[in-house]
Structure formats: structure tokens, C-alpha cells
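Peer 1: Let me give you the structure first, and then I'll get to my questions.
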Amino acid sequence: MNPLGRYAPLVDDEEAFLSACDRPLPSVVRVNTIKATAERARSALDAEGVGYEVTDWHPGILKLDERGPGTTWPYFHGWLHGQEEVSALPALALDPEPGEVVWDACAAPGSKTTQLADLMDDTGILIGNDNNLGRLSALRHNAERLGVSNLVVTNQDARNYSLKPFGEDTDDPQTVGAFDRALVDAPCSCEGTIRKNPDALDRWTMDHVHSVAGIQKGILRRAVQATRPGGTVVYSTCTFAPEENEAVLDHAIEEEDCELVEWDAPENFETVPGITEWEGEEYDPAVELAHRVYPHHNDTGGFFCAKLEVTA
Amino acid sequence: MSDDRNGANEANGTDERENDGQRFDRLPATADERVVAGRPTREEVVEWWAERYGVPPETWDGHTFWEKGKGKIWAFAGDLVSPNPVEGLGLRILRARQEHWKPSTNAVQRFCGEATKNVVFLDGEEADRFVRGEDQELERWDGDWGYLVAAHEFEGARESIGVGLYLHGELRSTVPKGRQEDLS
Ligand SMILES: C[S@@+](CC[C@H](N)C(=O)[O-])C[C@H]1O[C@@H](n2cnc3c(N)ncnc32)[C@H](O)[C@@H]1O
Numbered sequence: 001m002n003p004l005g006r007y008a009p010l011v012d013d014e015e016a017f018l019s020a021c022d023r024p025l026p027s028v029v030r031v032n033t034i035k036a037t038a039e040r041a042r043s044a045l046d047a048e049g050v051g052y053e054v055t056d057w058h059p060g061i062l063k064l065d066e067r068g069p070g071t072t073w074p075y076f077h078g079w080l081h082g083q084e085e086v087s088a089l090p091a092l093a094l095d096p097e098p099g100e101v102v103w104d105a106c107a108a109p110g111s112k113t114t115q116l117a118d119l120m121d122d123t124g125i126l127i128g129n130d131n132n133l134g135r136l137s138a139l140r141h142n143a144e145r146l147g148v149s150n151l152v153v154t155n156q157d158a159r160n161y162s163l164k165p166f167g168e169d170t171d172d173p174q175t176v177g178a179f180d181r182a183l184v185d186a187p188c189s190c191e192g193t194i195r196k197n198p199d200a201l202d203r204w205t206m207d208h209v210h211s212v213a214g215i216q217k218g219i220l221r222r223a224v225q226a227t228r229p230g231g232t233v234v235y236s237t238c239t240f241a242p243e244e245n246e247a248v249l250d251h252a253i254e255e256e257d258c259e260l261v262e263w264d265a266p267e268n269f270e271t272v273p274g275i276t277e278w279e280g281e282e283y284d285p286a287v288e289l290a291h292r293v294y295p296h297h298n299d300t301g302g303f304f305c306a307k308l309e310v311t312a
Numbered sequence: 001m002s003d004d005r006n007g008a009n010e011a012n013g014t015d016e017r018e019n020d021g022q023r024f025d026r027l028p029a030t031a032d033e034r035v036v037a038g039r040p041t042r043e044e045v046v047e048w049w050a051e052r053y054g055v056p057p058e059t060w061d062g063h064t065f066w067e068k069g070k071g072k073i074w075a076f077a078g079d080l081v082s083p084n085p086v087e088g089l090g091l092r093i094l095r096a097r098q099e100h101w102k103p104s105t106n107a108v109q110r111f112c113g114e115a116t117k118n119v120v121f122l123d124g125e126e127a128d129r130f131v132r133g134e135d136q137e138l139e140r141w142d143g144d145w146g147y148l149v150a151a152h153e154f155e156g157a158r159e160s161i162g163v164g165l166y167l168h169g170e171l172r173s174t175v176p177k178g179r180q181e182d183l184s
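For the protein sequence lines, the chains are A and B, in the order given.
Per full-length UniProt numbering, residue 1 is the first one in the first sequence, and the count goes up by one each step.
Per full-length UniProt numbering, residue 1 is the first one in the second sequence, and the count goes up by one each step.
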């Protein structure tokens with residue numbers, strides 16, 4: 001069953017929404033400033049005659065005219081990373097500082113992890129976790145190619161993530177007892193990736209949506225618990241289903257010590273607020289602070305992103 | 001940042017004097033603090049990069065060094081309690097515990113911007129061949145044999161490409177399969 005019709009009542013322009021979902025996605029790269037400035041990376045692409053357009057909301061995010069970035073010198077040098085445009089949002093929302101302790105709960109294959117490392121100037125402690133060991137090798141490969149050296153890779157179920165590997169409950173001064181920030185880029189039904197993977201929805205079922213929502217709630221709750229008071233948690237998915245988005249936030253603010261906070265999407269990047277009602281359910285009005293991104297708004301994939309602050 | 005504690009990990013009860021291939025162990029700062037036989041020290045690693053490639057010792061000031069597996073040395077940009085079990089800790093920088101230590105492609109790209117010794121400059125075609133993973137004759141090199149940093153002029157500066165093994169007039173590319181590309 002194709003679920004996209006479910007969301008027709010939510011979008012401003014149903015036809016534009018559905019036809020954008022049918023178009024392939026442009027090839028986009030992010031400049032890795034651990035290794036090069038945006039100017040140098042762009043100049044290197046110019047020198048190789050690779051056509052691109054700088055997105056109008058970020059100088060280091062470039063839409064390529066044609067081929068993927070793999071076969072260019074700046075890519076080989078780790079100056080560029082292929083990353084879907086909209087997927088750059090969560091790391092910007094999390095906004096980590098150099099030197100902080102940051103947890104990426106669902107990290108593989110590492111597009112956002114490596115962007116976080118870049119924002120941290122490759123300092124501090126960045127913990128990239130995934131429960132899928134196979135996918136972790138892709139994370140490691142990407143991180144090393146991009147010259148990331150502040151990353152610790154762990155293989156745990158994020159729902160009951162343990163800080164034991166970091167000396168929790170010892171009096172060693174280097175112990176990590178809580179995170180400054182955490183990103184939950186959750187596993188989801190991936191409806192928003194239909195432009196990249198046309199068969200993304202072939203196996204879509206409502207049962208799957210509900211079961212993955214359970215996992216999402218577990219991971220987000222653990223992220224809030226493991227982050228220090230005053231710290232930040234960002235929740236993101238690449239799906240439209242409110243069951244996996246607003247409902248998960250509603251659950252977290254109800255059950256854990258946290259609240260949604262305002263975050264302005266980058267200038268020139270269009271988003272709409274989270275919704276407070278869906279199929280007879282009502283959500284906490286605070287979920288309106290979340291951002292929904294529909295494919296026809298910025299010619300990207302679909303996305304959802306919310307920023308929370310831990311209160312106690 | 002100093003690695004002033006030794007590589008022992010008391011917490012997991014394994015013998016501290018042995019190298020455990022599954023665990024990350026901190027390199028001892030100096031030979032005096034060495035507990036595990038054959039484990040290189042932080043001092044040796046920093047000196048090796050300086051002596052072999054002219055990498056300034058302060059390049060590593062912010063990094064701690066760790067061994068996992070036999071001689072695989074990792075550099076991590078922070079400090080931590082010996083973190084175990086984990087799957088990765090920073091970046092693999094070199095393979096030690098063998099006669100000729102071998103730097104990694106990713107380390108050379110990340111940390112050898114200021115290397116001054118044993119750097120071989122490649123022209124356009126040579127660089128393309130190198131990245132494809134091919135071996136090539138390179139008679140003009142009259143420096144040391146062994147592992148060299150291969151570099152080229154790129155965007156107005158020198159940029160390290162990877163590690164070449166120079167023997168008998170031939171430069172062998174060690175660019176790992178997963179990183180090889182046809183850029184020509
Ligand atoms: C949307 S993907 C993450 C993409 C990644 N953040 C990036 O930007 O490249 C979701 C990931 O969550 C992982 N995952 C699923 N269930 C998990 C769990 N219980 N604990 C930790 N990771 C989990 C999956 O293996 C998958 O890699």
C-alpha cells in the first residue's frame with residue numbers, strides 16, 4: 001500500500017507534494033571543513049569542471065549538476081561527503097560546541113556523525129553508536145576518510161545504552177557520566193526517502209509504523225535520560241508519519257524531564273510546524289515547535305526534526 | 001595532553017601484561033612505564049613521525065594513542081578512561097610491532113600536511129595511477145626506501161595523497177581497495 005495519500009490533508013499543495021515524491025533527488029555534497037574550507041572545495045570542483053550550485057541556505061552544501069562525487073580529487077582527499085541536503089538539518093539543530101561530549105544514538109553510516117565531528121572541530125568526545133555491526137564498518141570508513149579523530153564507535157542497543165565503557169560510576173576524572181548533547185536520528189519507515197529509493201514503500205505497513213514507533217520512543221527516552229540537565233537532544237526521522245514523529249515527542253515530554261524548544265530552520269529553508277492532531281489523537285501543543293519538511297518545499301527528501309532541552 | 005597512565009585496564013580483570021587484540025589499551029608515555037612487552041610508547045610514536053616524515057611533535061598534542069590488535073595504533077582527539085568494549089577510537093594511524101612501521105592512508109591525509117621528509121611529489125598522471133592502486137617506476141627518487149608519503153600540488157598547496165612503498169626504483173601504492181578511484 002502506498003501511504004503517501006495519508007498525508008494529503010497535511011500538505012498545502014497535494015499535487016506538488018505527490019509529484020515531488022516521484023522525482024529523483026539531486027546529488028548533494030557537504031564540504032568537510034576538518035580538511036578544507038568551502039571556498040577551496042568549490043575551487044577544486046571548478047578546476048575539475050564539475051558543475052554544482054551552492055544551496056541558498058548553506059555555503060558548504062552543494063548540489064551537483066550530474067554524477068555523484070566519488071570520482072573527483074576533492075572527494076578522494078576527504079574534502080566532500082555525499083549527504084542528502086535535508087539530512088544536514090539535525091546536526092545544525094543540535095549545534096554542538098568544540099570539546100563537548102556528544103552522543104549519536106543511531107549513527108551508521110555516519111553522514112550526520114561526521115557533520116557533528118566537523119561542527120566540533122574534531123575535538124571533544126563524539127560517540128557514534130549503532131546496533132547494527134555491519135553498518136558500523138561504513139561509519140568507520142566514512143569517518144576515517146573524512147579525517148575524523150574525535151569519534152568513539154560503539155555497538156549497543158540505544159534503548160538501554162550503557163555508559164559503562166566510559167567509566168561510569170568510577171571516580172576517574174575522565175569518566176563520561178552524561179552527554180552534553182544527543183542526536184536521535186531514528187530508524188523509521190523511511191517514507192521521505194521515496195525519491196532516493198523508489199521501492200522504499202513497497203513493504204510499508206501500519207504494523208511496521210507502530211512497531212518502529214515503539215523503538216523510537218525507547219531510544220529518545222534513553223537519550224533524554226543520559227543527557228545532562230540543560231543539555232540538548234535532537235530527534236529526527238526521514239518519514240512523514242505522525243505516529244513516528246509528533247507522537248514520539250509527545251510521549252517523551254510526558255514521560256521524561258525534557259521540553260521542546262524553539263529552533264529556527266536556516267534562512268531560505270522552508271519547513272512547517274509539527275501537527276497537534278492526527279486521526280483522532282491529540283498531541284501536546286509544544287510539538288508545533290518541531291519542523292516538518294515536505295519534498296516540494298525545498299526539492300529535498302521528506303524529513304522531521306525537533307529540538308528538546310533536558311530539564312532535570 | 002599527556003598519556004601518563006599506563007595501558008592497563010583494571011576493570012575487566014584480564015592480565016595487564018598481555019596485549020589483548022579485542023581491547024583498546026593506552027600506549028605508555030615512555031619506556032619506563034611500559035607494562036605490555038613490545039607495545040610501542042607514545043614517545044616512540046611521536047618521535048617516529050618526526051624522524052621519518054618531519055611531522056612536528058606538537059601535531060599530536062591533543063591526541064591520546066591506543067593499541068588494538070597486534071600493533072594497530074589509533075589516535076583519539078580526546079582523553080577517556082580506557083573505554084571498553086568499543087569498536088573504534090579515533091583514527092588508525094599506523095601499524096607498529098613490525099620492522100618497518102606503516103602509516104595509514106587516512107593518517108597521512110589528516111596529519112601529514114606539514115611533513116618535510118620522505119615525501120615524494122607526484123605529477124598529474126603519476127597521482128592518478130597511484131590513486132588507482134597501481135605500482136609505477138619512479139627512477140627520480142633518490143631518497144630512502146620504504147614507506148613514503150605520496151603528495152601532489154593541489155589547489156595551490158601540497159596535499160598528501162597516501163602511502164607508497166618505494167623499493168628498487170618502483171613506487172607501490174598502498175591505497176586501500178575501498179579508497180581506490182579512477183580520477184583520470
Ligand atoms: C536513519 S538510520 C541513521 C542514519 C545516520 N544517522 C546517518 O546520518 O548516516 C537509523 C539507524 O538506526 C539503527 N538502529 C535501529 N535500531 C536501533 C537501536 N535499537 N539502537 C541503536 N541503533 C539502532 C539502524 O541500524 C540504522 O543504522
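Ideal placement from N, C-alpha and C gives every residue a C-beta, glycine not left out.
(1) Between the Cα of ARG158 of chain B and the Cα atoms of B:ASP61, B:LEU80, B:ALA31, B:LEU122, which residue gives the shortest distance?
(2) Check whether the Cβ of GLU144 of chain A lies closer than 8 Å to any Cβ atom in chain B.
(3) Helix, strand or coil for ASN12 of chain B, going by three-state DSSP, please let me know.
(4) Using DSSP with H/G/I as helix, E/B as strand and the rest coil, what is GLU191 of chain A?
(5) Starting from the beta carbon of ASP180 of chain A, find every residue of chain B whose beta carbon is closer than 9 Å, and list them in chain order.
(6) Pair every Cβ in the segment 271 to 280 of chain A with every Cβ in the segment 195 to 210 of chain A, then say whether three or more of these pairs are closer than 8 Å.
(7) Apart from the five residues just before and just after PRO69 of chain A, which ones in its own chain have a Cβ nearer than 6 Å to its Cβ?
(8) For the alpha helix (DSSP H) containing ALA34 of chain A, name the first residue and the last one.
(9) Using 10 angstroms around the beta-carbon of LEU167 of chain B, count the other beta-carbons present and answer buried if the total reaches 16, otherwise exposed.
(10) Whole angstroms is fine: what's the gap from ALA130 of chain B's alpha carbon to GLY178 of chain B's?
(11) Let me check you understand the geometry: is the CB of ARG159 of chain A closer than 7 Å to at least one non-hydrogen atom of ligand 1?
(12) Check whether the segment 158 to 178 of chain A touches the segment 114 to 134 of chain A, counting contact only when three or more Cβ pairs, one atom from each stretch, lie closer than 8 Å.
(13) Give a yes or no on whether the minimum CB-CB distance between PRO165 of chain A and chain B is below 8 Å.
(14) Helix, strand or coil for PRO297 of chain A? Go by DSSP, reduced to three states.
(15) Nearest CA to the CA of PRO83 of chain B: which residue from A:LEU289, A:PHE166, A:LEU62?
(16) What does SER43 of chain A reach in chain B if we use C-beta pairs closer than 9 Å?
(17) Check the Cβ of ASP172 of chain A against every Cβ in chain B and list those closer than 7 Å, keeping chain order.
(18) Please decide whether GLN109 of chain B counts as near chain A, where near means a Cβ-Cβ distance under 8 Å.
(19) Helix, strand or coil: how does DSSP classify SER2 of chain B here?
(20) Can you name, in chain order, every residue of its own chain whose Cβ lies under 6 Å from the Cβ of TRP74 of chain B, other than the five neighbours on each side?
(21) Using DSSP with H/G/I as helix, E/B as strand and the rest coil, what is PRO165 of chain A?
(22) Apart from the five residues on each side of it in sequence, which residues of its chain come closer than 6 Å, Cβ to Cβ, to VAL86 of chain A?
(23) Between CYS305 of chain A and ligand 1, is the CB less than 7 Å from at least one heavy atom?
(24) Quick check: THR72 of chain A and LEU94 of chain A, are their CB atoms within less than 8 Å of each other?
(25) Taking DSSP as the reference, what is the three-state secondary structure of GLN216 of chain A?
(26) Would VAL224 of chain A pass as a contact of ALA241 of chain A if the rule is Cβ separation under 8 Å?
(27) So is GLU246 of chain A buried or exposed if we call it buried at 16+ other beta carbons inside 10 Å?
Peer 2: In terms of the structure at hand:
(1) B:LEU122
(2) yes
(3) With a pLDDT of only 42 at ASN12 of chain B, under 50, the local geometry of the prediction cannot be trusted, and the value read off the model is given with reservation. Helix, per DSSP.
(4) helix
(5) In chain order: nothing, as chain B lies at least about 13 Å away.
(6) no
(7) VAL29, TYR75, LEU80, GLY82
(8) As written in the sequence, residue 34 of chain A is Ile, which differs from the Ala given in the question. No alpha helix (DSSP H) holds ILE34 of chain A; DSSP gives it neither H nor E.
(9) exposed
(10) Per the sequence presented here, residue 130 of chain B reads as Phe, with Ala not at that position. Near 14 Å, if we compare the C-alpha coordinates of GLY178 of chain B and PHE130 of chain B.
(11) yes
(12) yes
(13) yes
(14) According to the sequence provided, residue 297 of chain A is His. The question's Pro does not apply to it. If DSSP states are grouped into helix, strand and coil, HIS297 of chain A belongs with the helices.
(15) A:PHE166
(16) GLU155, GLY156
(17) VAL81
(18) yes
(19) Because SER2 of chain B sits at a pLDDT of 42, beneath the cut-off of 50, its placement in the model cannot be relied upon, and the point is left open.
(20) TRP66, LEU89, GLY90, ARG92
(21) helix
(22) VAL293, THR300, GLY301, PHE303
(23) no
(24) no
(25) helix
(26) no
(27) buried
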